[in-house]
Amino acid sequence: MAKQGKQYVAAAQLVDRTTLYNVDDAIALARKTSYTKFNASVELSFRLNVDPRHADQQIRGAVVLPHGTGRTQRVLVITQGVKEKEALDAGADFVGNKEILEKIKGGWFDFDVIVATPDMMAELGKLGKLLGPKGLMPNPKTGTVTMDVTKAVNDIKKGKVEYRVDKEGNIGVLVGKLSFTDEQLHENMKTIYDLILRARPAAVKGIYMKNLVLSTTMGPGIKLDTTTI
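Residues in the sequence shown are numbered from 129 upward in steps of one, following our numbering.
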């Protein structure tokens, strides 16, 4: 850990915390300050002037990024009847109903996203205390509670990301991997930035977006000049 600490300190020294970097410079700096031996993830972090205690300021949704996320998502579909075959044909990794819910109760979590048809939500809701804290509970706002399981599975496999403001008013979103080109990262960043910008609640007065930071896995945060996105 000491070695990793030294690497982080060295990387952080390359970033001027008082500077708002334009997008191109920020991406270049993110590459320069990444010291992991694996293909690091790239994340965009928003600090918003919202109060999530109010229902009209709970910003949440999902979007398919133009270039995906670079990460393979394992999709579990909870459904029954003809929808099971539809889910399998769409490329879901796991499909089932009560027997899979029992597996989850027993501690099985070898999946990344759950899609469920509305008729299964009553049963799934019983596992809320297990799934909720892990961010795995399906939600209509993110398109994961739906009868169109084909579209839901396809969107996730193409690179759909969910975003949700936390109690402090922050949103963190995966926008790709360092193996992406600068243009791919920029386009993914712009897609999510424009979406969050449009989601500004009417109740918010003054500055809406307080801070926007680009970072890589374990790398330092790089503040962005939002006018360059």
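Think of the CB as a built atom: it goes at the ideal place given N, C-alpha and C, for glycine as much as any other residue.
Length of the line joining the Cα atoms of residue i and residue j
i, j, result
"L306", "Y163", "11 angstroms"
"A130", "K318", "A caution first: A130 carries a pLDDT of 40, below 50, which makes its placement in the model unreliable, though a value can still be read off. C-alpha separation (whole angstroms): 36 angstroms."
"D283", "T270", "11 angstroms"
"A280", "A218", "9 angstroms"
"I242", "G300", "20 angstroms"
"P194", "G256", "32 angstroms"
"K286", "R199", "10 angstroms"
"V191", "V293", "15 angstroms"
"T161", "T345", "10 angstroms"
"E227", "S173", "38 angstroms"
"F239", "K288", "15 angstroms"
"V277", "A154", "38 angstroms"
"M265", "K295", "18 angstroms"
"A331", "A139", "39 angstroms"
"I320", "G209", "36 angstroms"
"G349", "M337", "16 angstroms"
"T356", "P180", "28 angstroms"
"R145", "Y136", "14 angstroms"
"E315", "Y291", "17 angstroms"
"K254", "F166", "38 angstroms"
"I247", "K233", "For the sequence presented, residue 247 should be read as Asp rather than Ile. Distance between the alpha carbons of D247 and K233 is about 19 angstroms."
"V168", "D221", "First, the residue type needs correcting, since residue 168 is Ala and not Val in the sequence shown. Spanning the two alpha carbons is a distance of roughly 24 angstroms."
"V223", "K213", "9 angstroms"
"K351", "Q141", "14 angstroms"
Endpoints, alpha helix (DSSP H) assigned at residue i
i, result
"R202", "No alpha helix (DSSP H) contains R202, which DSSP labels as neither H nor E."
"T161", "151-161"
"G253", "249-253"
Counterpart residues of residue i in DSSP-defined beta bridges
i, result
"E290", "A190"
"G263", "Bridge partners of G263: none, in fact."
"E315", "Beta-bridge pairing links E315 to no other residue."
"S169", "K305"
"G224", "I206"
"L176", "M337"
"V273", "A244"
"T351", "Checking the displayed sequence, the identity of residue 351 turns out to be Lys instead of Thr. For K351, which the question treats as bridged, DSSP gives the partners V341."
"N298", "R175"
Expected contact under 8 angstroms - CB spacing of residue i and residue j to nearest Å
i, j, result
"L313", "V170", "6 angstroms"
"V151", "G297", "Contact flag wrong, Cβ pair sits at about 23 angstroms."
"D353", "L176", "The Cβ separation is near 17 angstroms, so there is no contact."
"L229", "L259", "10 angstroms between Cβ atoms; not a contact."
"G347", "A158", "7 angstroms"
"L302", "T197", "5 angstroms"
"V273", "A250", "Not confirmed; about 12 angstroms, so no contact."
Segment limits, beta strand (DSSP E) that includes residue i
i, result
"A244", "241-244"
"K338", "337-344"
*Given 8 angstroms, three or more beta-carbon pairs between the region 335-351 and the region 205-221*: At 8 angstroms Cβ cutoff, the stretches do not touch.
*Sufficient close CB pairs (3 or more, under 8 angstroms) joining the region 182-192 to the region 320-337*: Touching, yes, given that three or more Cβ pairs across the two stretches are closer than 8 angstroms.
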